Every structure is written in structure tokens, then in C-alpha cells.
Amino acid sequence: MPPKLRGTLSKSLSQIQDSPSSSSSVFYCPSCSTWRRSLSSRRTRLQLPQQQHQQQSWASLQRSGIATTSVVHTRHIPPRLKDLHEALNRVKDVAPEQVNLSRLQLALRGLESEKPVVRVAVLGLNDATAARRLVRLLLADPLNSRESWEDALDAYGEDTERGLLIRYGEVSETIPNDLLPTISVPSPILKKGNLEILVTTLGAESAGVADATQSHPFTADTFLVPTVTIRTSHSGRHNMVRYPVHRSIVCGSGVDGFLAYSGLMARSDLKKEAVSVFGAIELAVTEPQKYDGRVAFVDIDKADEALATFRESVQNASLYERGWNSSGVQPVVDWLSSLRAEEGTLDPSLRTLITSLLDAAEAGAAAAEKRKLLEQESGAVSWETRDMLERSVSEWAERGHTELRSSLEEGFASKPWRGLAWWKLFWHVDDVGMITSEILDRKYLRQAEKEVIWTAGRFQQAGLTDATPMQEEQTSWPAQIATSRRRLMETTVPSLQALAQRLVLFSMSTTTLTSALSALTYVSLPAATIYETCTMA
215 MPPKLRGTLS KSLSQIQDSP SSSSSVFYCP SCSTWRRSLS SRRTRLQLPQ QQHQQQSWAS
275 LQRSGIATTS VVHTRHIPPR LKDLHEALNR VKDVAPEQVN LSRLQLALRG LESEKPVVRV
335 AVLGLNDATA ARRLVRLLLA DPLNSRESWE DALDAYGEDT ERGLLIRYGE VSETIPNDLL
395 PTISVPSPIL KKGNLEILVT TLGAESAGVA DATQSHPFTA DTFLVPTVTI RTSHSGRHNM
455 VRYPVHRSIV CGSGVDGFLA YSGLMARSDL KKEAVSVFGA IELAVTEPQK YDGRVAFVDI
515 DKADEALATF RESVQNASLY ERGWNSSGVQ PVVDWLSSLR AEEGTLDPSL RTLITSLLDA
575 AEAGAAAAEK RKLLEQESGA VSWETRDMLE RSVSEWAERG HTELRSSLEE GFASKPWRGL
635 AWWKLFWHVD DVGMITSEIL DRKYLRQAEK EVIWTAGRFQ QAGLTDATPM QEEQTSWPAQ
695 IATSRRRLME TTVPSLQALA QRLVLFSMST TTLTSALSAL TYVSLPAATI YETCTMA
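Count along the sequence shown from 1, add 214, and you get the number used in my numbering.
Here it is in C-alpha cells:
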């Protein structure tokens, strides 16, 4: 990652704090590519009896939904966020393998609006029942009787594999979405914080404590990039889709859920994303242990009972306040309310997301650079090793010359070779080739041939030899000595054998001719003595 990129992003983040924010009546939805306008008319609150609201069903809610008009709009980036958007967009081109591209895309879409939508995931451990009940309590308006979206949320509990996206809307309705079932809820919490809530599960296959290994800790992507099941429209098949969020609430039930959450967090390496993960455990505990900053123990049944009591009559406000505060749900509400950003500043959830992406890109680039440096260092040979190998080659050559001289002298001074004296050559002329081959085979650089194999192995271990694959007929060490020995046996030994035979033939022919000449002289010259004729021979 280039060093100037992080500086540019940090400068852009600091400039955003002092720049004024622009207001707009249009908000951008990060989960799709369309702009939606807020409905101009406010929903008229109808004071109907509670029995009439409970008779509404999920099917009637779908029929009464108001169609949302989507407008195709080009990308508009606020001027104060343009530099940051461009700098962050370069990360996708510079370090695509070091960052999570889905989270990077979420950050880029958040920078395309003055008031970005903050997406919060409520993840149920293996079961979304406690998660959807907690979401209903967080979004329910105690001043109204039970509303239609609450029935829709209960109906969603029958299909826990698919996620449910909850957005703010003036009217409770279903929003057409090919990816996720989506409903709009007129909740003050969603409106003030500009929040979206994704309700899904964190299955045992991804968060199981017993099956996970200590050597591979969980990262922030486990909680902030949950997986949802998407059903295709035509084939009916299911696809797994990664759905990034800014914050997450992990919801468990009972002691088993608390143990699973504790083991999961113990094996997680969240780094700076620890503030983005909150735990809500459905477990009745004593009051001092309700909340510790990162985990809240909630009693959903008590909170539901308190909400129902207040809806029956406003006179039960004291009972509602007592039951609601003792249930432990209020810390979760406060945590959601703390996600709101001040006017003219960058949203804290978006800032945390961008910082996490930069840290991941920087750490990934540093790890890649370190890995590349280690590969280069492992492939290079130090000068000390090179000098040592050069000295070993020089010493081997010196020992080879000494061995060649002494071994050949010893071989040619042996008894079989001395048996080839000129006057004994008549009886051993056929043994010249055999004796010479035996001397070459036993005395020609035998020790040097063994040492060159060791020296070649040291060169190969140091990485100084050619790494190309060798053919099957080739040996793994230098074979020059064996080749020269074989060449001597094939060329010099036959020549030496032929020379010995020629010498024997020349000696025999010369001796025969001189003997015949001496005999002829002795016969033709009667005055010549035998001594004189033998002198001629």
C-alpha cells in the first residue's frame, strides 16, 4: 500500500470534522442502488382497541402496503466527502486482496450521503427467536397498541434461515426487495439514528466454539459480514450472500448461549472493531451484573410483560418503568442511540469502518512485503557461504592433483605392471590392456570422485546450482572424472595394447632377420668365426 494513501485518508477524515453538513430530503440506501424519497404525509395514528390490532395478519400487512417509488439517480457525493471517497476508492485498486471488498463498498456508499444509513445486525446464536423478540422490544412504541409490523416480525420467526431487513418508514409496509425480505417500521430509534436492522443467525458452522481451532481466531468479519440465504426467483435455489454491516448485536439464550458467546469472543481478534460488537444474553441475573459495557443480560419476558402492562393503561407507567429498567433492555437501547453522529461530523460507525479497512490494508501490505523479503532472502546466498564454497573447491582440486600423481605412481610401480618389462613382453603382450584398465579403474581419482559428489551437494543446498529438472539418464552430481576414465579406457588402452603388439612383432622380425644374416655370413665366408658372425646379429 503506498505510504501517501493513508496520509491522504487521515487528512480527509480530519477535514470533515470542521466542514458544515448539507441537508437533504433524500437519503441513500446502502443496500441497493436506488434513491428513495421520504413520504410527504405523516401517518395518522389511529386509536384502535388492542383486539383489532391483534387480528391483523402478515397477509393483510402485505396487501395494505404502499408502493415505494424508486428513482434512478446518478451518484452524488457531498463536496466535503469527495476527497475521502476518492482516496478510499484507490484502496480497491491498490490493495484488493488485503481488504474485504464488501465492507469497502459499504464504506464507499456511506460516503455518498450527508447522513449515511447505519446498518446494525442482530445475530442470533443458532436461533433467531431471541433476536427477533429483542428487536421487537427495541423498536416497539409503548404509546401505541400492538402494531402490524410486530405480527410480521413474529411471522418471520418461522423461517430462520433467511434474513430480515428492517428500515424506517412512516407506514408499516413490505418493501420490494429481491435479496431480503424487507419491512418498514415507524420507530423513533430508526428515524433518529438513521438505522437499518438486519435480523439473521450466526450459525454453529461459523461460530461453533467446539469445532474452531485455536490457531485460527475469529476476525471482525465473522460478526460484521454475516451470511444470509437468498432464494432465487426462478429456480428456487438458495445462495449464500455476504451482507456487511456497521455494528452487530450478538443475541444468545440461556446459559448455553452465554457460554457460546463467551467462547466466541475469547477466540476473536476484533482489534479496533471491539466497540462495534455488542452482546445481549437472554438470562435473568442480579441487578449489579446486568451490564458491563459490552454485554447486557436481558430478561425479554419481563420487558415484554412491562410493555404489555403499559399498553393496557397509561396508569401503569410506574410498573412499566420498574419492569423495563429491571429487564436490562434499556442498555441495548442506549447503545443503539449512541450510534448517532453530531451535525457536521463523520458518523462514528463509518469512521470505525474506514479505520478498520485502512488498518487491514496496511497490515496486509506489510505482511506481503515481509513475505516477499523473506523469499528474496531465502533465495540469496551470503558472501560467507560463497567464500567457503570457493575454498572447498580449491582444496578439492589440490587434493585431486596430489591424488592423481601419487595414485598413478603407485599403480605403475605395482608388480603386474613391472611384469610387462621388455623382455617379459613376449609372454604378457595380451595382458597389457587388462593390466592398464585395472590400474585406471583403481587408481584414477577414486577419492576425488567421491569428494566431488559431496561438494556438488553443498552447492545445491546453498541454491547455487540450476534448479531445472534433470532428465532420467543424467546423474545428480558431476560425472567428468568417470567420463575421462571411461574415455581413457576406450581410446588410450587399446592404443597401448596395439603398441605393445607392434613392439613384439618388430622385435621378433628384427631378431629373425639378423639371425638369418649371421647364418648366411657364416656359411658364405669360411674364414669367419662364429664370434664374428654373432656380432653382426
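Yeah, the Cβ is synthetic: ideal placement off N, Cα and C, and Gly gets one too. None of the values given here were measured: they were computed from a predicted structure.
Close-in-space but distant-in-sequence residues of the same chain around residue i (CB under 7 Å, 5 per side omitted)
| i | result |
| --- | --- |
| V607 | T669 |
| L484 | A434, V491 |
| L702 | L654 |
| A575 | M215, V305, A309, Q312, V313 |
| I291 | H299, L325, E326 |
Sub-8 Å separation of residue i and residue j beta-carbons
| i | j | result |
| --- | --- | --- |
| T523 | G537 | yes |
| I463 | V331 | no |
| H642 | L634 | yes |
| L325 | L298 | yes |
| Y457 | L521 | no |
| G625 | V707 | no |
| V547 | L352 | yes |
| A354 | L571 | no |
| I495 | G471 | yes |
| F673 | L588 | no |
| F465 | L339 | Checking the displayed sequence, the identity of residue 465 turns out to be Cys instead of Phe. Cβ distance < 8 Å, so C465 and L339 count as in contact. |
| S359 | R525 | yes |
| S540 | K516 | yes |
| T599 | A474 | no |
Beta-carbon proximity list for residue i, same chain, < 8 Å, skipping 5 on both sides
| i | result |
| --- | --- |
| W610 | A662, E665, V666, T669 |
| R508 | A488, V491, F492, G493 |
| L404 | L353, I380, R381, Y382, E410, I411 |
| V439 | N314, S316, R317, R456, Y457, P458, V459 |
| R699 | L654, D655, Y658, L659 |
| K486 | T566, T569, S570, D573 |
Counted within 10 angstroms of its Cβ, other Cβ atoms place residue i as buried (16 or more) or exposed
| i | result |
| --- | --- |
| L615 | Strictly speaking, residue 615 in this sequence is His, with Leu absent from that position. H615 should be labelled exposed. |
| W597 | exposed |
| W363 | buried |
| H460 | buried |
| A577 | exposed |
| F720 | exposed |
| I568 | buried |
| V206 | Residue 206 is absent from the model: the chain starts at 215 and stops at 751. |
| V512 | buried |
| P400 | buried |
| V349 | buried |
| T725 | exposed |
| T749 | exposed |
| L302 | buried |
| T697 | exposed |
| W636 | exposed |
| Y745 | exposed |
| E623 | exposed |
| E612 | exposed |
| E361 | buried |
| R346 | buried |
| A579 | buried |
| L731 | exposed |
| L795 | Residue coverage of the chain in this structure runs from 215 to 751, which leaves residue 795 outside it and unanswerable. |
Nonlocal neighbours in the same chain, by C-beta distance under 6 Å from residue i, ignoring five residues either side
| i | result |
| --- | --- |
| Q231 | Note that Q231 has pLDDT 48, beneath the 50 cutoff, so the model's placement of it is unreliable and the number below is only indicative. Closer than 6 Å at the Cβ level, and outside the excluded window around Q231, lie T559. |
| F437 | S462, V491 |
| L564 | G324, P330 |
| H452 | T443, R445 |
| P692 | V666, A670 |
| P175 | Absent from the structure is residue 175, since the part of the chain shown begins at 215 and ends at 751. |
| I695 | L659, E663 |
Integer Cβ distance of residue i from residue j, believed to fall under 8 Å
| i | j | result |
| --- | --- | --- |
| S551 | G407 | 7 Å |
| T735 | T747 | 5 Å |
| G377 | V442 | 4 Å |
| L618 | L659 | 6 Å |
| T414 | D341 | So it is not a contact: roughly 11 Å between Cβ atoms. |
| P390 | Y534 | Not confirmed; about 37 Å, so no contact. |
| L639 | A712 | The Cβ separation is near 13 Å, so there is no contact. |
| Enumerated in chain order, which unbroken segments of the alpha helix (DSSP H) with a length of 4 residues or greater are wholly contained in the stretch 560-646? | 562-593, 597-626, 629-632, 639-642
| message | Extract the residue ranges of the beta strand (DSSP E) inside the stretch 363-389, only unbroken runs of 3 or more that lie entirely within it. | response | 378-382, 387-389
| task | Can you check the stretch 326-369 for any beta strand (DSSP E) of at least 3 residues that lies completely inside it and give the ranges in chain order? | result | 332-339
| message | If we require 3 or more residues per run, which beta strand (DSSP E) segments fall completely within the stretch 467-509? | response | 491-496
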